[in-house]
Amino acid sequence: EAGVVQSPRYKIIEKKQPVAFWCNPISGHNTLYWYLQNLGQGPELLIRYENEEAVDDSQLPKDRFSAERLKGVDSTLKIQPAELGDSAVYLCASSSYRGSDTQYFGPGTRLTVL
Amino acid sequence: AQTVTQSQPEMSVQEAETVTLSCTYDTSESDYYLFWYKQPPSRQMILVIRQEAYKQQNATENRFSVNFQKAAKSFSLKISDSQLGDAAMYFCAYRLLSTGNQFYFGTGTSLTVIP
């Protein structure tokens with residue numbers, strides 16, 4: 007079974023430029039998460055999807071961040087315009103509805119904003 | 128508020144020795160699952176072990192075991208016979224059944240294994 011796929015793995019951009027990250031969750035997983043992880047810190051939830059519906063986006067900076075999950079499968083997270091403080095690792099994860107189930111994480115996208 | 132506290136930002140252990148990473152959490156609910164995740168440098172996060180809150184018996188997975196104290200809201204991870212490959216960040220997390228699919232993470236403990 008394929009795991010959570012993310013691309014790109016690394017991205018370097020100039021500040022004020024746009025950037026997009028893509029995630030393909032594990033097949034059959036209804037729930038998809040986007041996290042931001044700073045160095046030496048735990049993951050911080052940006053947005054959580056149940057199928058195609060964003061059910062928790064309270065921590066998403068909506069002035070510059072947007073996300074979508076069309077058809078309830080793949081998801082894209084966008085930043086426009088990027089700021090220096092956005093440099094971090096962006097993690098995507100997915101899970102099933104079973105309470106005992108863990109989250110499965112992708113390898114992450116390491117963003118550097120210059 | 129749902130919180131997870133890992134009070135040890137860094138730990139070290141001699142190879143082949145045993146180390147315990149601490150975790151406490153705060154929830155008023157009774158139905159939840161607890162998890163420990165491992166994140167090696169520049170590698171993706173993987174599940175180490177999970178514990179159902181309704182089970183009194185502590186979970187074990189090979190060299191990894193937990194000490195779950197529900198009343199104290201404590202969930203520590205014990206790594207026995209530590210290996211060099213155990214060096215990583217370790218995150219404690221839990222999932223409330225009432226909120227379905229939301230996970231709450233601690234800030235992590237960086238484990239160094241000394242040869």
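Protein chains in written order, with this note's numbering: chain A, 7 to 120; chain B, 128 to 242.
Even for Gly, the Cβ is constructed at its ideal location relative to N, Cα and C.
Since the model is a prediction, treat every value here as computed from it, not as a measurement.
Starting from residue 112 (chain A), find everything on chain B with Cβ-Cβ shorter than 7 Å and list it in chain order.
Within chain B, the residues near residue 112 (chain A) are 171.
Can you tell which of A:41, A:18 and A:92 has its C-alpha closest to the C-alpha of residue 64 (chain A)?
Checking every option, the nearest Cα to that of residue 64 (chain A) belongs to A:41.
Can you grab the Cα-Cα spacing for the pair residue 240 (chain B) / residue 208 (chain B), in whole Å?
Taking the straight line from one Cα to the other gives about 11 Å.
Relative to the C-alpha of residue 143 (chain B), which candidate in B:219, B:162, B:237 and B:213 has its C-alpha closest?
Comparing Cα-Cα distances from residue 143 (chain B) to each of B:219, B:162, B:237 and B:213, the minimum goes to B:213.
Which residues, in order along the stretch 177-192 of chain B, keep a beta-carbon less than 8 Å from a beta-carbon of chain A?
Listed by position, the residues of the stretch 177-192 of chain B near chain A (Cβ gap below 8 Å) are 177 and 179.
Once the 5 residues before and after residue 116 (chain A) are set aside, which same chain residues still bring their CB inside 6 Å of it?
Answer for residue 116 (chain A): 16 and 95, listed in chain order.
Run through DSSP, which three-state label would residue 76 (chain A) get?
Helix, per DSSP.
Please name the residue in A:100, A:32, A:46 and A:30 whose C-alpha comes closest to that of residue 218 (chain B).
Comparing Cα positions, the closest option is A:46.
For residue 45 (chain A), which three-state DSSP category applies?
It is coil, neither helix nor strand.
Buried or exposed: which applies to residue 110 (chain A), given that a residue is buried once 16 or more other Cβ atoms fall within 10 Å of its Cβ?
Buried is the call here.
Please report how far the alpha carbon of residue 51 (chain A) lies from the alpha carbon of residue 93 (chain A), in whole angstroms.
Near 16 Å, if we compare the C-alpha coordinates of residue 93 (chain A) and residue 51 (chain A).
Can you tell which of A:57, A:23 and A:20 has the C-alpha that lies nearest to the C-alpha of residue 81 (chain A)?
Residue A:57 is the option with its Cα nearest to residue 81 (chain A).
Are the CB atoms of residue 202 (chain B) and residue 195 (chain B) within a distance shorter than 8 Å?
Taking 8 Å as the Cβ cut-off, residue 195 (chain B) and residue 202 (chain B) qualify as a contacting pair.
Just the Cα atoms here: how many angstroms apart are residue 235 (chain B) and residue 78 (chain A)?
Straight-line Cα distance between these residues: approximately 31 Å.
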